[in-house]
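This report refers to the structure that appears directly beneath it.
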Amino acid sequence: MTLLGLYNYWIFILLLVVGLYAVLVKGNYVKRMIGLGIFQSAVFLLYITMDKVEGGTGPIMQGVPVPGQIYANPIPQVLILTAIVVGIAVTALGLALAIRIREEYGSIEESDIRRLDHES
Amino acid sequence: MMEMIVDGLSWLLLAGGGFFVLVGGVGVIRMPDLYTRIHAASVTETLGTMLILIGLMLHSGWELATFKLLAILVFLLFTGPVSSYALGNTALLGGLKPELGSQDPSKEGRDL
Amino acid sequence: MIALIGLVTLTLVAVAAIATVMATNLFVASMWFGIFSLLMASNFFILDAADVALTEAAVGAGVSTVLFMGALALTGEKEAIRSRVSWFPMAVLGVLALALFVATFQQPMLGDPMAPVHQHVAPWYLEQTPNLINIPNVVTAILASFRGYDTLGEVIVIFTAGIGVLSVLSFKPKRRQTISSEALAAKVRGVQHHSILRVVGKLVIPLLMLFALVVQFHGKYTPGGGFSAGALFAAAVMLYGILEGADRSAKAMPEKVMLRLAAFGATLYTSVGLVCMLLGGAFLDYNVLWPDPVVGQYFGILLVEFGVGLTVTTVLVMIFNAFANRPTY
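This is the structure we're talking about:
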């Protein structure tokens with residue numbers, strides 16, 4: 001597995017930049033929430049990359065503990081397990097705000113909303 | 121001896137399943153329109169997964185994992201064709217017309 | 233060999249993410265996001281994180297896609313194409329990517345057993361779990377017992393997000409509705425004319441709920457636990473709502489009951505901690521719940537995970553019902 005070397009970190013950087021690009025540049029609010037979701041998944045990838053140990057298995061101790069058995073690091077998994085569900089709850093809140101904005105302004109593009117704010 | 125036969129058979133099934141997955145993938149890219157592509161993808165989801173899962177079941181013997189693989193196979197056989205049906209039906213109701221071959225008699229002499 | 237599969241999966245993840253951002257039709261973008269989440273889940277499994285893979289598959293490829301579709305039905309699917317390319321954000325992102333790239337050369341290689349992250353607390357947890365808690369799944373032991381405070385905070389965050397969605401969507405504008413939800417439901421009730429989908433879907437729903445219960449209560453022995461089970465149960469209810477119509481799923485799981493059950497889940501977690509204090513231990517110290525400390529830990533983890541699963545299920549179901557039953561204004 002060390003053959004992969006640093007490839008995981010480079011993919012993490014790529015996903016981070018792609019997600020941030022969608023949040024910064026795109027005008028549509030739902031697209032921005034999707035970009036935020038990609039950004040969150042990139043951070044999850046970074047944490048789970050840290051838990052892999054060469055020659056280890058998942059951190060589940062089946063039956064009698066075998067001495068010398070290497071396990072993967074369980075701590076990053078604990079942090080990310082809760083973060084995934086919290087991420088979806090926050091995404092749902094963002095989508096609810098986008099729905100309300102659409103009902104008030106008639107559109108969810110940022111340029112339209114700025115124009116309507118300037119006119120009123 | 122029996123072990124070698126079961127082992128060889130499982131490798132044969134896995135290779136066959138991999139071949140059909142490849143066929144499905146090539147079909148999805150090369151086919152001209154949605155309905156023919158659904159047809160190609162359904163090869164992957166039924167024949168490809170069936171051969172791969174039966175190969176894995178032979179490979180693992182009489183463990184608990186075999187029954188779990190059987191349950192996965194039954195579940196995939198239930199839901200895979202239904203999702204292809206839903207896709208095709210919705211496309212037809214949404215107004216996408218299938219591309220039919222040309223019925224022009226002047227092209228009858230051409231090799232199709 | 234597994235390194236090669238890992239390489240291919242990571243590359244596919246990057247391709248799926250780029251395709252998600254480049255799609256202009258938002259339905260296509262949310263479908264690509266579901267594919268991206270599923271590939272991420274298989275990547276997590278290759279990296280030996282089975283709990284996380286299960287939760288990411290259930291949440292990202294299941295619940296998240298349905299929520300995006302529900303939101304897109306109310307906001308519209310086309311994204312306006314901007315003609316000019318803005319250079320300043322691209323420059324900022326380029327500088328960020330370059331700085332991180334230079335920093336990665338100081339990181340340990342993937343799988344290095346001598347990395348600093350494997351040296352301090354992790355070996356202690358792996359050694360002490362059979363002695364102190366004695367359940368096979370170390371991740372559940374850390375989540376519910378060693379780091380129970382963090383999980384309590386996360387449960388309250390999920391509950392707050394659910395209340396936030398309800399309060400944002402409880403405001404109904406005074407404008408005339410285009411079609412009321414009852415009239416729309418009377419015209420097209422779910423996917424009623426697709427009998428094949430309804431029959432197969434109804435076969436799948438009880439199996440999905442049973443699997444969710446197995447994952448909840450087997451979280452000590454196999455990958456699972458309260459968070460994954462909550463997402464799976466909510467996915468079963470969402471399937472019912474899609475097949476039979478959202479008004480039926482709102483009647484089956486009414487909002488008031490869901491709100492009270494979500495509050496009950498968070499309260500259960502806190503009251504387990506308070507009972508531990510009343511019995512003489514510290515807050516969330518499960519050792520005092522039973523004369524034998526290991527059995528006390530077992531009961532503490534069981535109750536706490538049940539509270540977590542209850543809150544996650546009810547909050548996700550509440551959010552789905554709020555999205556799907558909102559009439560188009």
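Protein chains in written order, with our numbering: chain F, 1 to 120; chain E, 121 to 232; chain U, 233 to 561.
Backbone N, C-alpha and C fix where the C-beta goes; we use that ideal spot for every residue, glycine too.
Are the C-beta of residue i and some C-beta of chain F separated by less than 9 Å?
{"i": "H450 (chain U)", "result": "no"}
{"i": "A463 (chain U)", "result": "yes"}
{"i": "G396 (chain U)", "result": "yes"}
{"i": "N275 (chain U)", "result": "yes"}
Can you tell me which of the options puts its alpha carbon nearest to the alpha carbon of residue i?
{"i": "L6 (chain F)", "options": "U:T252, U:V504, U:Q339", "result": "U:Q339"}
{"i": "T454 (chain U)", "options": "U:N369, U:R558, U:T392", "result": "U:N369"}
{"i": "I70 (chain F)", "options": "U:L445, U:D280, U:V298", "result": "U:D280"}
{"i": "A444 (chain U)", "options": "U:R430, U:S427, U:A463", "result": "U:A463"}
{"i": "G294 (chain U)", "options": "U:F531, U:F268, U:T241", "result": "U:F268"}
{"i": "F403 (chain U)", "options": "F:I108, F:E104, F:D112", "result": "F:E104"}
{"i": "K310 (chain U)", "options": "F:I99, F:N28, F:M61, F:V66", "result": "F:N28"}
{"i": "I395 (chain U)", "options": "U:G326, U:A335, U:E487", "result": "U:E487"}
{"i": "F555 (chain U)", "options": "F:I99, F:G106, F:I108", "result": "F:I99"}
{"i": "L176 (chain E)", "options": "E:W131, E:P218, E:M121", "result": "E:W131"}
{"i": "P67 (chain F)", "options": "U:L358, U:F531, U:A329, U:N553", "result": "U:L358"}
Does any residue of chain E bring its CB to less than 9 Å from the CB of residue i?
{"i": "I234 (chain U)", "result": "no"}
{"i": "I428 (chain U)", "result": "yes"}
{"i": "L439 (chain U)", "result": "yes"}
{"i": "V446 (chain U)", "result": "no"}
{"i": "L584 (chain U)", "result": "Here chain U comprises residues numbered 233 to 561, so residue 584 (chain U) is not present and cannot be evaluated."}
{"i": "R432 (chain U)", "result": "What sits at residue 432 (chain U) in the sequence shown is Val, not Arg. For V432 (chain U), the answer is yes, since a Cβ of chain E falls inside 9 Å of its Cβ."}
{"i": "A556 (chain U)", "result": "no"}
Please report the straight-line C-alpha distance between residue i and residue j, rounded to a whole angstrom.
{"i": "D479 (chain U)", "j": "S204 (chain E)", "result": "27 Å"}
{"i": "G308 (chain U)", "j": "M50 (chain F)", "result": "40 Å"}
{"i": "V504 (chain U)", "j": "I125 (chain E)", "result": "57 Å"}
{"i": "M263 (chain U)", "j": "L134 (chain E)", "result": "30 Å"}
{"i": "S377 (chain U)", "j": "L511 (chain U)", "result": "17 Å"}
{"i": "G138 (chain E)", "j": "A89 (chain F)", "result": "39 Å"}
{"i": "L442 (chain U)", "j": "Q448 (chain U)", "result": "10 Å"}
{"i": "V349 (chain U)", "j": "I278 (chain U)", "result": "19 Å"}
{"i": "T383 (chain U)", "j": "A494 (chain U)", "result": "15 Å"}
{"i": "E183 (chain E)", "j": "P559 (chain U)", "result": "52 Å"}
{"i": "M485 (chain U)", "j": "Y501 (chain U)", "result": "23 Å"}
{"i": "V168 (chain F)", "j": "L178 (chain E)", "result": "Within the shown structure, residues of chain F are numbered from 1 to 120, placing residue 168 (chain F) beyond reach of any answer."}
{"i": "V298 (chain U)", "j": "A160 (chain E)", "result": "26 Å"}
{"i": "I313 (chain U)", "j": "G458 (chain U)", "result": "42 Å"}
{"i": "V240 (chain U)", "j": "N275 (chain U)", "result": "10 Å"}
{"i": "A251 (chain U)", "j": "A261 (chain U)", "result": "8 Å"}
{"i": "V291 (chain U)", "j": "V30 (chain F)", "result": "18 Å"}
{"i": "W522 (chain U)", "j": "G528 (chain U)", "result": "5 Å"}
{"i": "V284 (chain U)", "j": "A206 (chain E)", "result": "30 Å"}
{"i": "G513 (chain U)", "j": "L506 (chain U)", "result": "9 Å"}
{"i": "A468 (chain U)", "j": "A335 (chain U)", "result": "44 Å"}
{"i": "T82 (chain F)", "j": "E386 (chain U)", "result": "7 Å"}
{"i": "A303 (chain U)", "j": "F12 (chain F)", "result": "28 Å"}
{"i": "F198 (chain E)", "j": "Q351 (chain U)", "result": "47 Å"}
{"i": "T372 (chain U)", "j": "K452 (chain U)", "result": "6 Å"}
{"i": "V544 (chain U)", "j": "G128 (chain E)", "result": "47 Å"}
{"i": "Y47 (chain F)", "j": "P74 (chain F)", "result": "11 Å"}
Checking contacts by CB at 9 Å: is residue i closer than that to chain U?
{"i": "V202 (chain E)", "result": "yes"}
{"i": "V66 (chain F)", "result": "no"}
{"i": "R230 (chain E)", "result": "Because the pLDDT at R230 (chain E) is just 46, under 50, the model does not fix this residue reliably, and the value given afterwards should be weighed accordingly. It does not: the Cβ of R230 (chain E) has no partner Cβ on chain U nearer than 9 Å."}
{"i": "L97 (chain F)", "result": "yes"}
{"i": "K227 (chain E)", "result": "Its pLDDT being 47, under 50, K227 (chain E) is placed unreliably in this model, and the coordinates cannot settle the point."}
{"i": "S111 (chain F)", "result": "yes"}
{"i": "S120 (chain F)", "result": "no"}
{"i": "R102 (chain F)", "result": "yes"}
{"i": "A135 (chain E)", "result": "no"}
{"i": "D51 (chain F)", "result": "yes"}
{"i": "A206 (chain E)", "result": "yes"}
{"i": "T166 (chain E)", "result": "no"}
By a C-beta neighbour count over all protein chains shown, 10 Å radius and 16 as the cutoff for buried, is residue i buried or exposed?
{"i": "V17 (chain F)", "result": "buried"}
{"i": "I474 (chain U)", "result": "buried"}
{"i": "A185 (chain E)", "result": "exposed"}
{"i": "R114 (chain F)", "result": "exposed"}
{"i": "L548 (chain U)", "result": "buried"}
{"i": "P405 (chain U)", "result": "exposed"}
Cβ of residue i versus every heavy atom of the ligand NAD: is any distance shorter than 8 Å?
{"i": "V260 (chain U)", "result": "Within the structure as shown, the ligand NAD is missing, as the structure has no ligands at all."}
(message) So within the stretch 423-497 of chain U, which uninterrupted alpha helix (DSSP H) runs reach at least 4 residues, ignoring any that extend past its ends?
(response) 427-449, 458-476, 478-484
(request) Kindly provide the ranges of any alpha helix (DSSP H) runs that are 4 or more residues long and lie completely inside the stretch 165-196 of chain E, ordered along the chain. (result) 169-180
(request) Taking only runs that begin and end inside the stretch 244-281 of chain U, name each unbroken beta strand (DSSP E) of 3 or more residues, in chain order. (result) none
(request) Would you mind listing the alpha helix (DSSP H) stretches within the stretch 45-74 of chain F that are 4+ residues and don't spill past its ends, in chain order? (result) none
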